[in-house]
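> In the UniProt record's numbering, the protein residues as written are 1 to 140. Positions of the beta carbon are idealized from the N, C-alpha and C atoms, including for glycine. Model, not experiment: these values are computed from the prediction. Please see the structure below; I have some questions.
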């Protein structure tokens, strides 16, 4: 259970997320307690000078972190509700060439609208248009 957004924001965000869970005490859910363990490990990595990178359409592995310098690029599997099969499908689909649009990613990668929104909200899809369609204005 990753809090990928907090991990990518750095030490302060991770410590804040840890505090929110510990402040709940016995009221913390099992999922939150599991997440706390991951956040503690992430905090240790951040304290040692490593950084966490948000998923990358062309660099992320399906299930394993990818090391790039001092940054650990998150795997697709770290995204909430993104299962291993979809993660592997994205990796397979990108072998056929770059994704042309969010629509193309959804179709070729078998990615749900909710996951597209998560990726979009976190800057993963900032360079992708919504659809494959070109407009007359794109050519000017």
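1) Contact criterion: CB-CB distance below 8 Å. Does residue 100 meet it with respect to chain C?
2) Answer yes if the stretch 19-37 comes into contact with the stretch 64-71, meaning at least three C-beta pairs across the two stretches below 8 Å, and no otherwise.
3) Within its chain, find whatever has a CB closer than 7 Å to the CB of residue 77; leave out the 5 residues flanking it on each side and keep chain order.
4) Give a yes or no on contact between the stretch 45-53 and the stretch 1-10, applying the rule of three or more CB pairs nearer than 8 Å.
5) For residue 28, which residues in the same chain have their Cβ closer than 6 Å to its Cβ, ignoring the five residues on either side in sequence?
6) State buried or exposed for residue 31, treating a residue as buried only when at least 16 other CB atoms are found within 10 Å of its CB.
7) For the beta strand (DSSP E) that residue 68 lies in, which residues bound it at each end?
8) In whole angstroms, give me the CA-to-CA distance for residue 104 and residue 56.
9) Alpha helix (DSSP H) containing residue 109: first to last residue?
10) So the candidates are 124, 112 and 34; which of them puts its Cα closest to the Cα of residue 58?
11) Answer with buried or exposed for residue 80, where buried requires no fewer than 16 other C-beta atoms within 10 angstroms of its C-beta.
12) In whole angstroms, what separates the C-alpha of residue 102 from that of residue 75?
13) Going by DSSP, what residues sit across from residue 51 in a beta bridge?
Concretely, from the data shown:
1) In the structure shown, chain C cannot be found, because there is only a single protein chain.
2) no
3) 62, 63, 84 and 87
4) yes
5) 21
6) exposed
7) 66-68
8) 16 Å
9) 102-109
10) 124
11) exposed
12) C-alpha separation (whole angstroms): 19 Å.
13) 71
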